[in-house]
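Trainee: I am attaching a structure below and will ask some questions about it afterwards.
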Amino acid sequence: MNLDNVIKQTIEKRLAVAQKYDLEALRERLFKIKKTSIQNLTELRQKAVANLVRNGFTVFEAKDNEAAIQHVVQLVGQEKLIVKAKSNMLKELEINELATKKGWMMYETDTGDFIASLFHFHSDHPISPAMSFSKKEIAQKINEQYQTKLSDDPHEIVDWIRNFLREKFFRARIGICGANAISAEGQIILVENEGNLSLVTRLPQKTIIVAGIEKIVPHVEDGLQVINCASLFSSTAGKWAGYVSVIGSPSKTADIEREVIFGAQGAREVHVILVDDWRSEFAKTEFAPMLYCINCGACLDLCPVFLTSMEAVKVLDEKKNANCATCKYCTQICPAKIDWYKLTKMAREKFQSEGKAPPKAYEMLKNIREHGNPFGKVTGEIKELYCC
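Taken in order, the sequence shown gives residues 1 to 388; the numbers are from full-length UniProt numbering.
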């Protein structure tokens, strides 16, 4: 990966978007939607479940990740071939590892995820999982694994992936994905660029949608605001992504004597798994704003730590929290106005009070108290000191 090009492209896209749109107005609007949604999560959740069922969806409320996993297993049944779209919730459930254990042939249908899977690479970036691989490396890997003779032309690579996956779409009876937003009125809102998510939710007879309860918003219009910001602030940086879907029920027709028949040209069954796990309790804590996140990846696009290590800072992970450079870029760019800098500092104070800060931090504090510097006792003559 050429980091200079990545950074240059990201900055150019950000500047172009900032000239065309009132980003601060969009951020404020999204912030209010997400804050209201999380503050009223219990009520909205109840409404969403009732309306989803009324609209023809089958809904399962998973109290924790294990319950969600077991329900996925039950829904898959004896099927082996599954097409999957990008989903951070499915990543949290470690669905790929589950597929390996169960002997499922689960195919990543997002181009970036498909490429990352070839390298057995687990990316922290929610939008660009293959950004660390060059076109030459990608072509070589496909050629090695599938005995092809691709050049490193990106168009040729994408065409091959498209043709390879198309047959899987037509044969699969199970499609599984996440959701960008779920309205309390009973609609699933999805956004994508490639068209694979549309196929995952249309072609197989059974669609399984797995989402955290923090995805619930009051109205479908609020969900459209979520995907508007997800498109605008993501690495693609466009007003709208290539495709926007609002799924209001399984496919249906009423063209024969006006009798509603489910299972027309799209999925006959749509199962929605709403996952709580830690979320409802987390919403009551001082770290609740983390649930406003829409997984656009903007915070990572110029993060010096991520671009150097390809590992994201994790606020509530005592080890990965310490990696944060506190440059505040993530706070400045976040479309949901999450103050990641403040949350990171709060978590560090919490770790410190619980004795969970990195050992090196305690060692440096001890050195400062005893020797006046974080490095320890100084021997020999100090000729010149440098800072920062």
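Don't be surprised by glycine CBs; every beta carbon is placed ideally from N, CA and C.
May I have a chain-ordered list of the alpha helix (DSSP H) segments no shorter than 4 residues that lie completely inside the region 11-62?
Mentor: Within the region 11-62, the complete alpha helix (DSSP H) runs of at least 4 residues are 23-39 and 41-54.
Trainee: Going by beta carbon distance, what residues of the same chain come within less than 7 Å of Leu52, once the five residues before and after it are set aside?
Mentor: Val59, Gly186 and Val272
Trainee: Going by C-alpha distance, which of Phe233, Met290 and Leu343 is nearest Ala16?
Mentor: Phe233
Trainee: Quick check on Thr111: does DSSP put it in helix, strand or coil?
Mentor: helix
Trainee: So who's on the other strand from Ala211, going by DSSP bridges?
Mentor: Leu274
Trainee: Going by CA-CA distance only, name the one from Ile115, Leu190 and Gly178 that's closest to Ile157.
Mentor: Ile115
Trainee: Check whether the Cβ atoms of Lys356 and Glu381 sit closer than 8 Å, and answer yes or no.
Mentor: no
Trainee: Could you please give the first and the last residue of the uninterrupted beta strand (DSSP E) stretch that includes Ile338?
Mentor: Premise fails: Ile338 is in no beta strand (DSSP E) and is neither H nor E.
Trainee: Count the CB pairs spanning the region 205-215 and the region 274-282 that are closer than 8 Å, and state whether there are at least three.
Mentor: yes
Trainee: According to the Cβ coordinates, are Ile176 and Ile82 closer than 8 Å?
Mentor: yes
Trainee: Report all residues from its chain with a CB closer than 7 Å to the CB of Lys63; omit the five preceding and five following residues, and keep chain order.
Mentor: Asp276
Trainee: Could you check whether Gly178 and Ser87 sit closer than 8 Å to each other, using their CB atoms as the reference points?
Mentor: Yes; because the gap between Cβ atoms is below 8 Å, this pair is in contact.
Trainee: Straight-line CA distance for Leu300 to Val76?
Mentor: 34 Å
Trainee: Kindly identify the DSSP beta-bridge partner or partners of Glu269.
Mentor: Lys206
Trainee: Val305 and Asn323: beta carbons closer than 8 Å?
Mentor: yes
Trainee: Beta-carbon within less than 7 Å of His125's beta-carbon, same chain only, minus the 5 sequence neighbours each way: which residues are those?
Mentor: Short of 7 Å from the beta carbon of His125, and not among the five residues preceding or following it, lie these beta carbons of its own chain, in chain order: Met131, Gly297 and Leu300.
Trainee: Where does the unbroken beta strand (DSSP E) through Cys303 begin, and where does it stop?
Mentor: No beta strand (DSSP E) holds Cys303; DSSP gives it neither H nor E.
Trainee: Within its chain, find whatever has a CB closer than 7 Å to the CB of residue 476; leave out the 5 residues flanking it on each side and keep chain order.
Mentor: Because the chain is modelled from 1 through 388, residue 476 falls outside the range shown and cannot be assessed.
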